[in-house]
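Protein sequence lines, in the order shown, are assigned to chains A and B.
Counting from 15, one number per residue, gives the positions in the first sequence under the working numbering.
Counting from 130, one number per residue, gives the positions in the second sequence under the working numbering.
Positions of the beta carbon are idealized from the N, C-alpha and C atoms, including for glycine.
Below: the structure, in structure tokens.
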Amino acid sequence: MEVDKGKGEAEETRKVAEADRDTVTLKSSDGKLFEVSKEAAARLSTVLAGMIAGGSIDDNGTDLKQIGSEALENVVDYCNKHANSIPSAALISSSISFNTAPFKEPEEWERKFVDRLSHDALFDLVEAANFLGMERLLDVTCHKISEMMKGKSPDQIREVFNIKNDYTKEELEEIRQELAWAFYDD
Amino acid sequence: MRQRKRRCRRAPEYMSEEMIREIMVWLPVKSLLRFRSVCKGWQAIISDGPVFILEHLHCSTSKWEQDPSVLISPHTLDFFLPGEHWPSTFSNHIHFYQWRPSNPRVAKARHQQRTARGLLRLDLSDESFTITALPDAMGNSNACIIDELRGELCLTARCSETTAAATVWAMEVDDEGRQGQWERRYSVLD
């Protein structure tokens, strides 16, 4: 049902893309197609910029086998929202020079954008942002996850990240004693 | 139980070390130290020496577009050279505290129990080191803790090694990192 809907959208998308090539069509690992502004994609993703410049964009949907449809939908949503907001000077420079440009605080819409995501969706989006070389989205999502982690205990962190505790009781106690002050609230 | 597992199906199988690092650079030092006990893999990342520390420093100095103007560290010594007015030797245990003038906050790391001779300042605009003397009345044998107090740089020092009495000093630091004079703010009696 959902796949059909995706295909339907794709037909529309292709027509639009063929009419004027302002957009590119991206295909998720599960075969859904998404349309995104070419300008925004090239500006926000170094990988897509490279593909557009190198002519390896497929009008029938460029395969992004590593990204599921939910994450890709969020990526596209982010690009489209970004295209509609006026980028600040700091934001533009941050993609040019890693060493000197400060990270600009998430704008209101970016904050809302990540706030509404579930843990799973957020983790998927981080991976997608990394895969596509979207530095700004990566910063915003990583920052959101770090916000979520602050003040949590190691136990809570293990639960969220599904990590197995591989320390012995003695080793844990040693760390805890060495860093007793770090175990209070942030 | 089963449902719970489903809910937490992500990571670490999915989350690469690279991604964990990307996230960790945003965490405050205190959280990082605490998360060393999450698992050995995380401990290895966090304790990865200069590389991770530099990444973290870069991130914490650049985030929120509030570059600190100065980094401050207790100026501690390994040894004295005889006859020196200002010591020229430095301990290689340097713990920097970040000072952000427009939103003052000093990372609450407790420094090593070495005797501070002054505060070592690294001015980030020209990367010059200078030393700020400690308050004259503080004496020179007591460890101190650096913190922020109502927008001022604040120093808490015990009056002597044998009592719990302490004095809290504060110094104004403006947006360019220029400093005023130490002023005694509070005395805490034993």
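Nearest candidate by alpha-carbon position, reference residue i, set the options
i: residue 46/A; options: 155/A, 84/A, 153/A; result: 84/A
i: residue 147/B; options: 152/A, 82/A, 172/A; result: 152/A
i: residue 266/B; options: 277/B, 278/B, 285/B, 157/B; result: 285/B
i: residue 56/A; options: 154/A, 43/A, 121/A, 90/A; result: 90/A
i: residue 72/A; options: 158/A, 94/A, 48/A, 181/A; result: 48/A
i: residue 124/A; options: 158/A, 173/A, 135/A; result: 158/A
i: residue 318/B; options: 296/B, 264/B, 308/B, 164/B; result: 296/B
i: residue 66/A; options: 173/A, 122/A, 127/A, 35/A; result: 35/A
i: residue 162/A; options: 78/A, 185/A, 131/A; result: 131/A
i: residue 310/B; options: 279/B, 316/B, 280/B, 263/B; result: 263/B
i: residue 192/A; options: 163/B, 289/B, 282/B, 275/B; result: 163/B
Closer than 8 Å at the beta carbon, the chain A residues around residue i
i: residue 152/B; result: 140, 156, 159, 160, 163
Span separating the alpha-carbon of residue i from that of residue j
i: residue 53/A; j: residue 37/A; result: 8 Å
i: residue 88/A; j: residue 70/A; result: 22 Å
i: residue 291/B; j: residue 261/B; result: 26 Å
i: residue 141/A; j: residue 144/B; result: 8 Å
i: residue 167/A; j: residue 39/A; result: 43 Å
i: residue 160/B; j: residue 75/A; result: 43 Å
i: residue 177/A; j: residue 171/B; result: 10 Å
i: residue 183/A; j: residue 169/A; result: 13 Å
i: residue 306/B; j: residue 252/B; result: 8 Å
i: residue 42/A; j: residue 171/A; result: 30 Å
i: residue 143/A; j: residue 151/B; result: 12 Å
i: residue 335/B; j: residue 133/A; result: The question about residue 335/B has no answer here: the residues shown for chain B are numbered 130 through 319.
i: residue 129/A; j: residue 150/A; result: 16 Å
i: residue 44/A; j: residue 62/A; result: 19 Å
i: residue 243/B; j: residue 156/A; result: The pLDDT assigned to residue 243/B is 47, lower than 50, so where the model puts this residue is not dependable; a value taken from the coordinates is nonetheless given after this. About 36 Å.
i: residue 308/B; j: residue 315/B; result: 20 Å
i: residue 258/B; j: residue 174/B; result: 30 Å
i: residue 98/A; j: residue 139/A; result: 20 Å
i: residue 280/B; j: residue 254/B; result: 21 Å
i: residue 157/B; j: residue 64/A; result: 35 Å
i: residue 83/B; j: residue 173/A; result: Nothing about residue 83/B can be read from this structure; chain B reaches only from 130 to 319.
i: residue 194/A; j: residue 275/B; result: 19 Å
i: residue 78/A; j: residue 182/B; result: 34 Å
Nonlocal neighbours in the same chain, by C-beta distance under 7 Å from residue i, ignoring five residues either side
i: residue 59/A; result: 146, 147, 148
i: residue 169/B; result: none
i: residue 96/A; result: 54, 58
i: residue 127/A; result: 92, 95
i: residue 186/A; result: none
i: residue 50/A; result: 37, 38, 40, 90, 93, 94
Proximity test, Cβ basis, 8 Å: residue i and chain B
i: residue 179/A; result: yes
i: residue 33/A; result: Caution is warranted here: a pLDDT of 45 is assigned to residue 33/A, below 50, making its placement in the model unreliable, and no coordinate value can be reported.
i: residue 144/A; result: yes
Residue i beta carbon near the ligand ZN (any heavy atom closer than 7 Å)
i: residue 164/B; result: Among the components of this structure there are no ligands whatsoever, and the ligand ZN is therefore not found.
Any chain A beta carbon closer than 8 Å to residue i
i: residue 254/B; result: no
i: residue 163/B; result: yes
i: residue 257/B; result: no
i: residue 267/B; result: no
i: residue 317/B; result: no
Chain-ordered chain B contacts of residue i [CB-CB under 8 Å]
i: residue 81/A; result: By Cβ distance, chain B contributes nothing, its closest Cβ being about 12 Å from residue 81/A, past 8 Å.
i: residue 48/A; result: Simply none; closest approach about 21 Å.
i: residue 171/A; result: 164, 167
i: residue 152/A; result: 151
Chain A contact residues for residue i, given Cβ-Cβ distances below 9 Å
i: residue 166/B; result: 168, 179, 181, 185, 186, 189, 190, 193, 197
i: residue 300/B; result: What residue 300/B touches in chain A: nothing, since even the nearest Cβ is about 25 Å away.
Own chain, CB closer than 6 Å to residue i, minus 5 neighbours either side, in chain order
i: residue 120/A; result: 154
i: residue 256/B; result: none
i: residue 80/A; result: 145
i: residue 16/A; result: Caution is warranted here: a pLDDT of 45 is assigned to residue 16/A, below 50, making its placement in the model unreliable, and the coordinate value is therefore given only provisionally. Once the five neighbours on either side are set aside, residue 16/A has no close Cβ partner at all.
Partners in chain A for residue i, counting only beta-carbon separations shorter than 7 Å
i: residue 155/B; result: 156, 157, 160
Amino acids of chain B, ordered along the chain, whose beta-carbon sits closer than 9 Å to that of residue i
i: residue 127/A; result: Within 9 Å Cβ-Cβ: nothing; residue 127/A doesn't reach chain B, min ~17 Å.
Cutoff 8 Å; reference residue i; Cβ partners in own chain excluding five residues on either side
i: residue 181/A; result: 189
i: residue 312/B; result: 298, 299, 300
i: residue 135/A; result: 84, 85, 88
i: residue 294/B; result: 287, 288, 316, 317, 318, 319
i: residue 278/B; result: 297, 299, 314
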